[in-house]
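Residue numbers (my numbering): 254 to 335.
Have a look at this one:
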């Protein structure tokens with residue numbers, strides 16, 4: 254009935270995004286029975302949360318180089334720091 258697919262927690266961001274796009278395509282197609290649609294929606298929500306968590310983790314790792322008065326790098330700062 255439901256598209257259980259591979260374990261979401263083991264998926265890369267790209268794999269999860271492709272799976273999420275497939276879920277959306279199937280749901281938008283309108284030819285999936287109601288019970289399967291509900292299961293697909295639940296899987297899609299889990300995939301969305303996984304993708305968001307991966308994006309959040311990546312953003313935390315993105316850093317920019319901070320230059321000192323002499324123009325040399327002095328360290329790093331979060332990417333979104335003002």
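Where a beta carbon is used, it is the ideal one built from N, C-alpha and C, also for glycine. All figures in this text were calculated on a predicted structure; none of them were measured in a lab.
{"Asked": "Could you spell out the range, first to last residue, of the alpha helix (DSSP H) harbouring residue 288?", "Found": "287-314"}
{"Asked": "Count the other CB atoms within 10 Å of the CB of residue 296; is the residue buried (16 or more) or exposed (fewer)?", "Found": "buried"}
{"Asked": "Please identify the residue among 284, 313 and 293 whose C-alpha is closest to the C-alpha of residue 273.", "Found": "293"}
{"Asked": "Assuming the contact rule is C-beta atoms closer than 8 Å, residue 261 and residue 306 should be a hit. Round their C-beta distance to whole Å, please.", "Found": "10 Å between Cβ atoms; not a contact."}
{"Asked": "In chain order, what residues of the same chain have a beta carbon less than 8 Å from the beta carbon of residue 258, not counting five sequence neighbours either side?", "Found": "272 and 296"}
{"Asked": "From which residue to which residue does the alpha helix (DSSP H) around residue 267 run?", "Found": "266-282"}
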